[in-house]
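Q: Going line by line, the protein sequences match chains A and B. Each residue of the first sequence is one higher than the one before, counting from 0 in numbering that gives the first Met the number 0. Each residue of the second sequence is one higher than the one before, counting from 0 in numbering that gives the first Met the number 0. C-beta: ideal position from N, C-alpha, C; glycine also.
Number of protein chains: 2
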Amino acid sequence: MQALFENISQINTMRYSPDHKVGARARLIEATGALVKKNGFAATGVDGLMAAAGLTSGAFYSHFRSKSELLEAIIENELKRSIELFSDKTREQAVAAIKGYLSPAHVAHPESGCAVPSLAPEIARASESTQYIFEQGVLELKDQIRKLVRDDAKAWSIVVQLVGAVMVARGLPSEQTRKALLKGVAQQVKQILEEGSGPS
Amino acid sequence: MQALFENISQINTMRYSPDHKVGARARLIEATGALVKKNGFAATGVDGLMAAAGLTSGAFYSHFRSKSELLEAIIENELKRSIELFSDKTREQAVAAIKGYLSPAHVAHPESGCAVPSLAPEIARASESTQYIFEQGVLELKDQIRKLVRDDAKAWSIVVQLVGAVMVARGLPSEQTRKALLKGVAQQVKQILEEGSGPS
DNA sequence: GTCTATAGTAAGATAGAC
DNA sequence: GTCTATCTTACTATAGAC
Chain A
0 MQALFENISQ INTMRYSPDH KVGARARLIE ATGALVKKNG FAATGVDGLM
50 AAAGLTSGAF YSHFRSKSEL LEAIIENELK RSIELFSDKT REQAVAAIKG
100 YLSPAHVAHP ESGCAVPSLA PEIARASEST QYIFEQGVLE LKDQIRKLVR
150 DDAKAWSIVV QLVGAVMVAR GLPSEQTRKA LLKGVAQQVK QILEEGSGPS
Chain B
0 MQALFENISQ INTMRYSPDH KVGARARLIE ATGALVKKNG FAATGVDGLM
50 AAAGLTSGAF YSHFRSKSEL LEAIIENELK RSIELFSDKT REQAVAAIKG
100 YLSPAHVAHP ESGCAVPSLA PEIARASEST QYIFEQGVLE LKDQIRKLVR
150 DDAKAWSIVV QLVGAVMVAR GLPSEQTRKA LLKGVAQQVK QILEEGSGPS
């Protein structure tokens, strides 16, 4: 299973020449990623996806064999960015990233936020290879949080609180309720972080 | 805002004569609810929805003015059932319900499970009236959990851990990872429950 | 690589027979 | 209320010109 991951990564990496920093495909993945996080994958047509990148739908299939292949690429790209939010950071920076994740701004702007609260149910219905990529990303995210709490259970708890809080808050029309939820969850997450901050 | 809720509830209640316990509309909401939780709302057509109830698509609009009105009815119905899982229960029963929520069986069977981990992102993109119904349901769910922990922040934390854990676990192809996540979250939720179990 | 055009299918919704 | 048939639009995907 781990070997499969490595193969997928290799294929994706070697599809482009090393000196092309950001190709057309990468730009497509960026532009469509924002749209898909905002409006959902199933609800967005290929026409709309390509329009977001300033192109027409005919060009889509020069870059992806199918729409579902795009979802896979989006998940890979988006998860990488979410992971970077928590990696190679001081403890203070990581705690600030958690605070930002649980902010009203993140709730209000799915297009520039983490893909998990926007797309997780659609990932659960996607191909197995898409789910493998998702799993690798989630495990890496958990491991980054684990560095802060040095405990797997606590790390998992924080990960699901972050994504659960943002996902639920986005369905709440009342700002008051949204803020109460975010504040409550932030308080509990902070407590877990403090429990785990004994001597290194 | 509260008045709006009452009006919506009244309309829905008074649409049918009081002696009809379960009408055709209610059966439709049940049957389509399971399908929508499994496959997603946007991804499921009216044809498929009605086929799940043994009918054809033409009959759909005798019961709902639009597809989005159905989503609203499904959310209302499904949230009611999720709330009942935690209401009018002894402490032991409620704790057992939490354990069941975080079970592999719940992760494996979205069609018979809670609607929130299946549909929350689609609710976030739905009409404001659908979101009001969602908010009322989520608040009631939180208040049921609050009875166990007597603290709003802790109740919110548990709610988002439950829905976040199931939602993320459903995207993980490895049973090992799924179980580790569920076990870790269950452990942390249990700890919150024990913190809040002082003298009444 | 990107375009226009189009094939083929499925979508949401309506009309009228029964 | 439910059916079949249909309208209109949108969908995923492909073909061929540039």
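For V94(A), would you say it is in contact with chain B, using Cβ-to-Cβ distances shorter than 8 Å as the test?
A: Within the first sequence, numbered from 1, the residue matching residue 94(A) stands at position 95. Chain B, which has no Cβ nearer than 8 Å to the Cβ of V94(A), makes this no.
Q: With burial defined as no fewer than 16 other Cβ atoms inside 10 Å of the residue's Cβ, what is the status of G112(A): buried or exposed?
A: The residue labelled residue 112(A) in the question sits at position 113 within the first sequence. The residue in question, G112(A), is buried, as its Cβ has 16 or more Cβ neighbours within 10 Å.
Q: Out of curiosity, what's the CA-to-CA distance linking A185(B) and I28(B)?
A: Taking the first residue of the second sequence as position 1, residue 185(B) is located at position 186. Taking the first residue of the second sequence as position 1, residue 28(B) is located at position 29. In a straight line, the C-alpha of A185(B) is about 31 Å away from that of I28(B).
Q: For T31(A) versus I73(A), is the C-beta spacing smaller than 8 Å?
A: If you number the first sequence from 1, residue 31(A) lands on position 32. If you number the first sequence from 1, residue 73(A) lands on position 74. For T31(A) and I73(A), yes; Cβs fall inside 8 Å.
Q: Ignore the nearest five residues each way along the sequence and tell me which others in R177(A)'s own chain have a CB closer than 8 Å to its CB.
A: As a position in the first sequence, residue 177(A) is number 178, starting the count at 1. Cβ within range, chain order: P103, V106, A168 and L171.
Q: Comparing the CB of A168(B) with every heavy atom of the ligand GDP, is any distance shorter than 7 Å?
A: Here there are no bound small molecules, and the ligand GDP is not part of this structure.
Q: Leaving out five residues before and five after S117(B) in sequence, what residues of the same chain have Cβ atoms less than 6 Å from its Cβ?
A: Taking the first residue of the second sequence as 1, we reach residue 117(B) at position 118. Within the same chain, S117(B) has close Cβ partners K36 and P109.
Q: Secondary structure at G170(B), three-state DSSP: helix, strand or coil?
A: Reading the second sequence from its first residue, position 171 is the one you call residue 170(B). Correct three-state label for G170(B): coil.
Q: Taking the alpha helix (DSSP H) that K98(B) belongs to, which residues open and close that run?
A: The residue labelled residue 98(B) in the question sits at position 99 within the second sequence. Residues R90 to Y100.
Q: Is the beta carbon of S56(A) less than 8 Å from the beta carbon of V45(A)?
A: For the purposes of this step, residue 56(A) is identified with residue 57 of the first sequence, where counting begins at 1. For the purposes of this step, residue 45(A) is identified with residue 46 of the first sequence, where counting begins at 1. Taking 8 Å as the Cβ cut-off, S56(A) and V45(A) qualify as a contacting pair.
Q: Taking only beta-carbon atoms, is G183(A) less than 8 Å away from chain B?
A: Sequence index remark: in the first sequence, residue 183(A) carries index 184 (1-based). Taking Cβ atoms only, chain B reaches closer than 8 Å to G183(A), which makes this a yes.
Q: If I follow the unbroken alpha helix (DSSP H) through R24(B), where does it start and stop?
A: Looking up residue 24(B) in the second sequence gives position 25. It spans A23 to N38 - the alpha helix (DSSP H) in which R24(B) sits, taken as one unbroken run.
Q: Could you round the C-beta distance between L34(B) and L54(B) to whole angstroms and report it? I think they count as a contact, below 8 Å.
A: Locating residue 34(B) in the second sequence gives position 35, where the first residue counts as 1. Locating residue 54(B) in the second sequence gives position 55, where the first residue counts as 1. At roughly 13 Å, the Cβ-Cβ gap does not stay under 8 Å, so L34(B) and L54(B) are not in contact.
Q: Going along the chain, which residues of the segment 109-121 of chain A sit with their C-beta nearer than 8 Å to a C-beta in chain B?
A: The segment 109-121 of chain A vs chain B, Cβ under 8 Å: P109, V115, P116, S117, L118, A119, P120 and E121.
Q: When you check each C-beta in the segment 127-155 of chain B against every C-beta of chain A, which residues fall closer than 7 Å?
A: Per Cβ criterion, the list reads E127, Q130, Y131, F133, E134, V137, L138, D151, A152, K153 and W155.
Q: Could you tell me whether the Cβ of R80(A) comes closer than 8 Å to any Cβ of chain B?
A: As a working note, residue 80(A) is residue 81 in the first sequence. Chain B, which has no Cβ nearer than 8 Å to the Cβ of R80(A), makes this no.
Q: By the 10 Å Cβ neighbour count, where 16 or more other Cβ atoms means buried, how is E121(A) classified, buried or exposed?
A: Counting from 1 along the first sequence, the entry for residue 121(A) is found at position 122. It is buried - the Cβ of E121(A) has at least 16 other Cβ atoms within 10 Å.
Q: Between A96(B) and the rest of its own chain, which residues show a CB-CB distance below 6 Å, the 5 nearest in sequence each way excluded?
A: Counted from its first residue, the second sequence places residue 96(B) at position 97. Counting only Cβ-Cβ distances below 6 Å, and skipping sequence neighbours, we find L84 and F85.
Q: Could you work out which residues of chain A lie near M49(B), taking near to mean beta carbons separated by less than 9 Å?
A: Sequence index remark: in the second sequence, residue 49(B) carries index 50 (1-based). The premise fails here: M49(B) is roughly 19 Å from chain A at the closest Cβ pair, so nothing lies under 9 Å.
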